[in-house]
Amino acid sequence: MTVQIPRPATEKAKGRARTTPPPPPGRHRKAQGSAGALPYLLLLPALAITAVLLGYPLVKNGILSFQKLGMKELIQHLTEWNGFDNYSDVLGGEDFWRVTLRTVVFTAVNVTLIMVLGTLVGLLLARLGRKMRLTLMMALVLAWAMPIIAATTVYQWLFAERYGVVNWILDKLGWHSMADYSWTSSQFSTFFVITVMLVWTSIPFVAINLYAATTTIAKELYEAAGLDGAGAWRTFTSVTLPFIKPFLLATTFLEVIWIFKAFPHVYAINGGGPDRLTETLPVYAFVEGVGNQHYGMGAAISVLTILVLMGLTSYYIRMVMKQEREDS
Amino acid sequence: MRRSFIGRFWPNATALVLFVIFLFPVYWMFATSFKPTGDIISENPVWFPLDPTFEHYRTAFDADNFWNFWKNSLTVTLLAVGISLLIALLASFAIARMRFRGRTGIILVFMFAQMAPWEVMVISVYMLVRDADMLNSLVPLTLFYTVMVLPLTILTLRTYVAAVPKDLEEAAMVDGATRTQAFRKVIFPLLAPGLMATSLFGFITAWNEFPMVLVLNKEAEAQTLPLWLSQFQTQFGDDWGATMAAASLFALPILVLFLYLQRKVTAGLTAGAVKG
C-alpha cells in the first residue's frame with residue numbers, strides 16, 4: 001500500500017520552469033488518488049528487466065572479482081576464491097594507475113573539444129540563413145548517424161599509410177615527411193586519429209541540440225539586449241548562456257559517460273597499441289579479462305572502472321537529484 | 001534583420017568548410033566503394049568515381065552467410081528498439097505523470113543504469129547466458145540490447161510525455177472516451193515524434209553493438225553485421241574498395257533512417273538531454 005501525499009502548489013514549484021504545471025489542487029485529486037499501485041505496475045517491466053539483466057551481471061561481476069578465474073576454471077565451472085588478490089594485483093601494479101590517468105585525460109580532452117566546438121557550431125547554425133543551415137545540418141546528421149564500426153574502417157582508410165587522403169594532403173601542403181606516415185606507429189598519433197574521429201562523430205549531437213535549444217529563446221530578449229547596447233559577447237553571456245546552461249550541463253554529463261566508455265572506437269583503430277599505450281580503462285579491462293583470460297582480474301578492473309565513472313559523474317547526479325526532489 | 005555582406009560572408013564561409021569536413025568521410029566511404037581498384041591505389045587521389053564499378057559490392061555480397069548477418073541484425077535491432085520503447089512508454093508515464101514514493105530513487109536507478117559499462121561486464125554476461133544454455137541464440141542478445149537502451153529511452157521519453165498537456169487526455173475522457181481510447185486517439189499522435197526521436201538512439205546502439213555478440217555468439221549463424229564487417233576487414237585488409245563497400249552497406253540503413261527523421265532529430269533529444 002502506498003500513501004499519497006497531497007501536493008500543494010508551492011511557491012518553489014511555481015517559480016521553476018517545468019514542462020508540466022503543478023496540478024491545481026482539487027481538480028486532479030481524483031486522478032492522483034486513484035493512482036495507488038498504478039505507477040509501480042507501470043514501472044514493473046522496466047525495473048524487472050533491468051534488475052535481472054543488468055543487476056545480475058553487475059553482482060556476478062562483483063563476485064567474480066574475488067575469484068581466481070582463468071580458462072580452466074571457466075570451462076570446468078570451478079569456483080576458487082582468492083580474496084582481495086585481484087584488487088591488490090591491479091591496484092599494486094603501475095599499469096592500472098597509468099591507464100586510469102590516461103583515460104581521465106583522454107576523456108577531459110575529448111569532452112572539452114566536443115563541447116566547445118559543438119557549442120560554436122550550434123551557435124553558427126543559429127546565425128545561418130535557412131538554406132545554408134539545412135545544408136550544414138544534413139552533413140552533421142550524416143556524421144552523427146555514421147555507425148561506429150563503419151566509421152573506424154573509414155578513418156583507417158583516410159589515415160592509411162599508403163594512398164590515404166590525409167597523408168596526401170599533408171604532403172601537398174609541404175609537410176613531406178608525412179607522405180608515408182604510419183599513424184598507428186606512436187601513442188600520440190593513434191590518440192590523434194581516435195580523437196579526430198570521436199570529435200567528428202560527437203559534435204553533431206551537441207551542435208544540433210544546442211541550436212534547437214536556442215530557437216526557444218524569445219527574440220525580444222535579443223532585441224532588448226541590442227537596445228541596451230550589448231555587444232556579441234555580452235549578449236551571449238547574459239541572454240544565450242543562461243538559457244542553454246542546463247542543456248550544456250546535461251550534455252557534458254552524457255558526453256563524459258560516452259567518451260569514457262568508448263570501446264569500439266579505441267579498440268578498432270589500433271587494438272590499444274602500439275605496445276598497449278592507447279588502452280583506456282574499458283579496453284584495458286577487456287584485454288586483461290577476455291584477451292589474456294584473466295577473467296577475475298578483468299572483473300576487478302571493471303568494478304574499479306565503474307567506481308571511477310561514478311566519481312566523475314557524481315557532481316551532476318547530485319545536482320539533478322536535488323532538482324528532482326524539489327520538483328516533486 | 002539587416003546584416004552587411006561581410007556579416008553574412010564569414011558565417012556562410014565557415015559553414016561551407018564545416019559542411020565539407022563533416023560530409024567528407026561519409027562521401028569518401030561511398031566514393032571509394034564505387035571506384036575501380038586502380039583508382040583507389042593511385043598516387044594522387046581520384047576525387048570522383050568517374051568510372052564506377054560494382055565489383056566491390058559483388059565481393060561483399062558473395063561473402064559467406066551475408067544475408068544471415070543482415071537478418072540477425074535487423075531482427076535483434078528492431079525487436080530491442082520495439083520492446084524498449086514499449087516498456088519505456090509505460091515507465092515514463094509513471095515518472096512524468098504520477099507522484100509516488102520512491103520516484104526520485106527510481107530516476108536515480110535509471111541514471112546509473114545508463115552509465116553501465118557493458119563492454120567490461122561481458123564475462124559475467126557470458127557466464128549468465130552460458131548457464132542458461134542460450135549461447136549462439138538471438139534471444140539473450142535481444143534482451144540485453146533492450147536493457148542497454150532502456151534507461152536513456154525512459155529518461156528521454158518522460159520529457160515528451162510530460163510535454164503532452166494532461167487536460168487533453170481528460171477532455172477526451174469527459175467526452176466519453178475510455179482511457180485506452182484517449183491514449184490511442186489523443187496522446188499517441190502527440191507522442192509519435194518523441195517516440196521516433198527516442199528510437200534513433202536505440203537503433204544506433206543495437207545496430208553497432210560489438211563486444212557482447214563477439215563473446216556470446218561464436219557461431220556464424222547467430223552473428224550480426226558488426227562482426228561481419230570486422231571479419232570482412234580482417235580478410236580483405238588492404239582491399240579498401242571491398243572494405244568500403246561493406247562499410248557502406250552496413251551504414252546505409254542508419255544513414256537513411258536519420259536523414260528521413262532529420263526534423264524529428266532536430267527537435268529531438270534536446271528535451272531528454274536537458275532534463276538528463
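From first to last, the protein sequence lines stand for chains A and B.
When we follow my numbering, the leftmost residue of the first sequence carries the number 1, and every step to the right adds one.
When we follow my numbering, the leftmost residue of the second sequence carries the number 1, and every step to the right adds one.
The beta-carbon is built from N, C-alpha and C at its ideal position, and this holds for glycine as well.
A quick note: this is a predicted structure, and the numbers were derived from the prediction, not measured.
F61(B) sits away from W228(B), with the two beta carbons spaced by 9 Å or more.
In the three-state DSSP reduction, Q223(B) falls in the coil class, being neither helix nor strand. In summary, the residues of the stretch 5 to 22 of chain B whose CB is separated from some CB of chain A by less than 7 Å are P11, N12, T14, A15, L18, F19 and F22, in the order they occur in the chain. In the DSSP assignment, the residues bridged to W81(A) are Q67(A).
Put simply, the backbone Cα of A197(B) is about 13 Å away from that of I254(B). By the 16-neighbour rule on beta-carbons within 10 angstroms, K68(A) is buried.
Only residues of its own chain outside the window of five on either side were considered, and among them A222 have a CB closer than 7 Å to the CB of S137(B), listed in chain order. The straight-line gap separating the alpha-carbon atoms of V109(A) and F192(A) is approximately 11 Å. The beta carbon of M319(A) is closer than 8 Å to those of L249 in its chain, skipping five residues each way along the sequence. In this structure, F22(B) keeps its C-beta atom at 9 Å or more from the C-beta atom of L53(A). Counting along the chain, N209(A) sits inside the alpha helix (DSSP H) bounded by residues Q187 to T214. The DSSP-derived three-state label of G298(A) is helix. Shown here, Q293(A) sits in coil according to DSSP, grouped into three states, outside any helix or strand. The Cβ atoms of G311(A) and S65(A) do not sit closer than 9 Å to each other. One alpha carbon belongs to W157(A), the other to D85(A), and they sit about 43 Å apart. Nearest CB-CB separation between I114(A) and chain B: not below the 9 Å threshold.
The Cβ of T32(B) sits closer than 9 Å to at least one Cβ of chain A. Distance from the CA atom of L150(B) to the CA atom of A88(B), rounded to whole angstroms, is 7 Å.
Look at T107(A): its C-beta is not under 9 Å from any C-beta on chain B.
For A218(A), the closest Cβ of chain B is not nearer than 9 Å. In its chain, beyond the 5 residues on either side, T142, Y145, T146 and A206 have a beta carbon closer than 6 Å to the beta carbon of A80(B).
Not one beta carbon of chain A lies nearer than 9 Å to the beta carbon of T180(B). DSSP places V46(B) outside both helix and strand once states are collapsed to three, so it counts as coil. Chain order gives the chain A residues near F144(B) as L53, where near means a beta carbon separation below 7 Å. The beta carbon of S202(A) sits closer than 6 Å to the beta carbons of I114 from its chain, once the five residues preceding and following it are set aside; these are given in chain order.
Against T53(B), chain A offers no close residue; the least beta-carbon distance is about 17 Å (beta-carbon pairs closer than 8 Å). The beta carbon of I149(A) sits closer than 8 Å to those of P264 and A268, all from its chain and outside the five residues before and after it, given in chain order. Taking one beta carbon from each stretch, the stretch 148 to 165 of chain B and the stretch 106 to 118 of chain B have 3 or more pairs nearer than 8 Å; the two touch.
Per DSSP, K35(B) lies in no alpha helix (DSSP H) segment and is marked neither H nor E. No Cβ of chain A is located within less than 9 Å of the beta carbon of F66(B). Listed along the chain, the chain B residues whose CB falls inside 7 Å of the CB of S302(A) are P117, V120 and M121. Annotation: Cβ neighbours of I107(B) in chain A (cutoff 7 Å, chain order): E324.
Chain-ordered listing is empty here: chain A has no CB closer than 7 Å to the CB of F236(B), the nearest sitting near 10 Å. Judged by their CB atoms, V121(A) and A207(A) are nearer to each other than the 9 Å cut-off. Around the CB of A232(A), fewer than 16 other CB atoms lie within 10 Å, so the residue is classed as exposed. Within the stretch 38 to 49 of chain B, contact with chain A at the beta-carbon level (separation under 9 Å) is assigned to I40, I41, S42, E43, N44 and P45.
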